[in-house]
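2 protein chains.
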Amino acid sequence: MTEPIGVVVVDDHAMFRAGVRAELAGAGADHVVVLAEAADVDEAVAAIRTHGPDVVLLDVHLPGGGGVEVMRRLAGTTTRFLALSVSDAAEDVIGTIRGGARGYVTKTITGPELVSAIRRVADGDAVFSPRLAGFVLDAFAGTIEVAAIDEDLDRLTEREREVMRLIARGYAYKEVAKELFISIKTVETHMSSVLRKLQLSSRHELTRWASDRRLL
Amino acid sequence: MTEPIGVVVVDDHAMFRAGVRAELAGAGADHVVVLAEAADVDEAVAAIRTHGPDVVLLDVHLPGGGGVEVMRRLAGTTTRFLALSVSDAAEDVIGTIRGGARGYVTKTITGPELVSAIRRVADGDAVFSPRLAGFVLDAFAGTIEVAAIDEDLDRLTEREREVMRLIARGYAYKEVAKELFISIKTVETHMSSVLRKLQLSSRHELTRWASDRRLL
DNA sequence: ACGACCATCGGGGACGCCCCTGATCCTGCC
DNA sequence: GGCAGGATCAGGGGCGTCCCCGATGGTCGT
């Protein structure tokens, strides 16, 4: 409370960064100080290393790998990350939390609420927009399943991933075969492996699965 | 140039509105004045009627019907609309232009660029982010096709639309039949009509078609 | 009353999707 | 050298998808 909280704002929209800065200057008063801004992953890593902020306001979708990449590169720091995103998609939220963020709020937040969220994160609390809190808990209740997803994807061979991508985009087996210069039967074999490894049962589920993970 | 340009800012994110206001105050200097802000369709319509701005900065995705709804309700005013969106999806851009906007820029824009865009729109020019200009022209080159899309959708009967929605979500014929308490054969008949009327040839194309138009 | 349109069903067929078994070739590893 | 795993292909079968044909009953407008 006596010490102001140092913050670095990471977002690829200059306009939005200006908005955060303006709101924090008004509602944050002496409590929160914006030390620096960054517009992509490289800038963010450099700025955080230079300024050592207490809290980083981190956009999820960011040129250069996304907010998760920033946290990965700074693993081990004492800095706390608060994700700030337009997306309320479960994959984004879960992925960001698993990447190490201490909270996740959407950009519909108001200035005073943001100040409050920053202070709570700086104090070590976890902060979530009300609507998100629900499935964050759901996800951690089913941690095994969440962890298993990436392992399953890793189990796919290179060729299987190629086939999977085309199928998920709506290509018929015949078209995949022509595209990859292989027989239809080979496509069927790969697809069979893909569905088995991902524990899916049809191309439609695969399409949904892939689009949920933004693999298209 | 002598007269300042009056602007109303419509966006559901208070933070973003603050950013626009701050940037316009800095880079816009005397040339641009923010008359009012609004966070949803009703507020926007009221604010624009009250203040009669030269230009409205209009977010595309907005509670209460979207930016298009705002323009529809204010049809006939001399106010010019500049769409300001995170989305660069063709449907959003085309739909907004068809709704009456004089320009469309993404939120990656900087303050000075936004001031420039506002002034050009106020002067009667059309303004587009460079990457978007291409397919805006494409769309107007193929105006017949764009106009035909909605006519085709209108040609579907109520029952056909129900079937279409379920199929597009990945339901099998059998599942659709159970869901709607009809025979599989009836589902097939409806699907056949849907595909013929929409000039598509498979459920996969239908899925893509529907998701492109956010009918899911 | 008649035609136009819609929703509902059926038979039958061509082809796509998915699975099973089984096979060859190559590469890398112990 | 054997052994595992990946990529390639084949045959055959069950079921889904999409089409053709035809049929009945209901509603609406003229």
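Protein chains in written order, with UniProt numbering: chain Y, 1 to 216; chain L, 1 to 216.
The C-beta atom is built at its ideal place from N, Cα and C for all residues, glycine as well.
Please read all numbers here as calculations on a predicted model, not as lab measurements.
Problem set entry | L/Ala39 versus Y/Gly100 - alpha carbon distance | Stepping through the second sequence from its first residue, residue 39 of chain L is reached at position 39. Stepping through the first sequence from its first residue, residue 100 of chain Y is reached at position 100. Roughly 32 Å separates the two Cα atoms.
Problem set entry | Minimum length 3: unbroken beta strand (DSSP E) runs contained in the UniProt domain "Response regulatory" (6 to 122) of chain L | The beta strand (DSSP E) runs of length 3 or more contained entirely in the UniProt domain "Response regulatory" (6 to 122) of chain L are, from start to end of the chain, 32 to 38, 55 to 58, 80 to 85 and 103 to 106.
For this session: Report the residue from Y/Ile118, Y/Thr186 and Y/Glu69 whose alpha carbon sits nearest the alpha carbon of Y/Val34.
Result: Here residue 34 of chain Y refers to the residue found at position 34 when the first sequence is read from its first residue. For the residues Y/Ile118, Y/Thr186 and Y/Glu69, the minimum Cα distance to Y/Val34 belongs to Y/Ile118.
Exercise. How is the alpha helix (DSSP H) around Y/Ala168 delimited, first residue to last?
Worked result: What you label residue 168 of chain Y is simply residue 168 of the first sequence in a count that begins at 1. Residues Glu158 to Ala168.
For this session: For the region 98 to 113 of chain L and the region 75 to 89 of chain L, state whether three or more C-beta atom pairs, one from each stretch, are separated by less than 8 Å.
Result: As far as the Cβ criterion goes, the region 98 to 113 of chain L touches the region 75 to 89 of chain L, which means the pair count is three or higher.
Exercise. CB-CB under 7 Å to residue 276 of chain Y, same chain, minus the five flanking residues each way: which ones, in chain order?
Worked result: Given that chain Y is displayed from residue 1 to residue 216, the structure contains no residue 276 of chain Y and the question cannot be resolved.
Exercise. Over what stretch of residues does the alpha helix (DSSP H) that includes L/Ala177 continue unbroken?
Worked result: As a working note, residue 177 of chain L is residue 177 in the second sequence. Segment Tyr173 to Leu180, the alpha helix (DSSP H) holding L/Ala177.
For this session: Check whether the Cβ atoms of Y/Ala168 and Y/Leu206 sit closer than 8 Å, and answer yes or no.
Result: Here residue 168 of chain Y refers to the residue found at position 168 of the first sequence. Here residue 206 of chain Y refers to the residue found at position 206 of the first sequence. Using a Cβ distance threshold of 8 Å, Y/Ala168 and Y/Leu206 count as a contacting pair.
Exercise. Beta-carbon of Y/Ala141 versus every beta-carbon of chain L: anything under 8 Å?
Worked result: Looking up residue 141 of chain Y in the first sequence gives position 141. In this prediction, Y/Ala141 scores a pLDDT of 38, lower than 50, which makes its location untrustworthy; no coordinate-derived value is stated.
Exercise. Smallest Cα separation from Y/Val41: which of Y/Asp12, Y/Ile5, Y/Ile184 and Y/Ile109?
Worked result: The residue given as residue 41 of chain Y occupies position 41 in the first sequence. Out of Y/Asp12, Y/Ile5, Y/Ile184 and Y/Ile109, Y/Asp12 has the C-alpha closest to the C-alpha of Y/Val41.
Problem set entry | As assigned by DSSP and simplified to three states, the class of L/Leu206 | For the purposes of this step, residue 206 of chain L is taken as residue 206 along the second sequence, with counting starting at 1. DSSP places L/Leu206 in helix when its eight states are reduced to three.
Exercise. What does Y/Met71 touch in chain L if you count any residue whose Cβ is under 7 Å from its own?
Worked result: Position 71 of the first sequence, counted from the first residue, corresponds to residue 71 of chain Y. Chain order gives no chain L residues near Y/Met71, where near means a beta carbon separation below 7 Å; the closest approach is about 22 Å.
For this session: Output yes if chain L places a C-beta closer than 8 Å to the C-beta of Y/Val146; else output no.
Result: Residue mapping note: residue 146 of chain Y aligns to position 146 of the first sequence, counting from 1. Here Y/Val146 scores only 43 on pLDDT, less than 50, and its place in the model should not be relied on; the value that follows carries that caveat. Judged by the 8 Å Cβ criterion, Y/Val146 is not in contact with chain L.
Exercise. Counting along the chain, where does the alpha helix (DSSP H) carrying residue 233 of chain L start and finish?
Worked result: In the structure as shown, chain L starts at 1 and stops at 216, and residue 233 of chain L therefore has no counterpart that could be examined.
For this session: Would you grab the beta carbon distance between L/Pro4 and L/Val45 for me? Rounded to a whole angstrom, and I think it's under 8 Å.
Result: Sequence index remark: in the second sequence, residue 4 of chain L carries index 4 (1-based). Sequence index remark: in the second sequence, residue 45 of chain L carries index 45 (1-based). Contact annotation, L/Pro4 with L/Val45: C-beta distance approximately 23 Å; criterion of less than 8 Å not satisfied.
Problem set entry | For L/Ser193, three-class secondary structure by DSSP | Within the second sequence, residue 193 of chain L is the residue found at index 193, counting from 1. The answer is helix: DSSP assigns L/Ser193 an H, G or I state.
Exercise. Which residue from L/Ile48, L/Arg161, L/Val86 and L/Ser85 puts its Cα closest to that of L/Val70?
Worked result: Along the second sequence, one-based indexing puts residue 70 of chain L at 70. Relative to L/Val70, the option among L/Ile48, L/Arg161, L/Val86 and L/Ser85 whose CA is nearest is L/Ile48.
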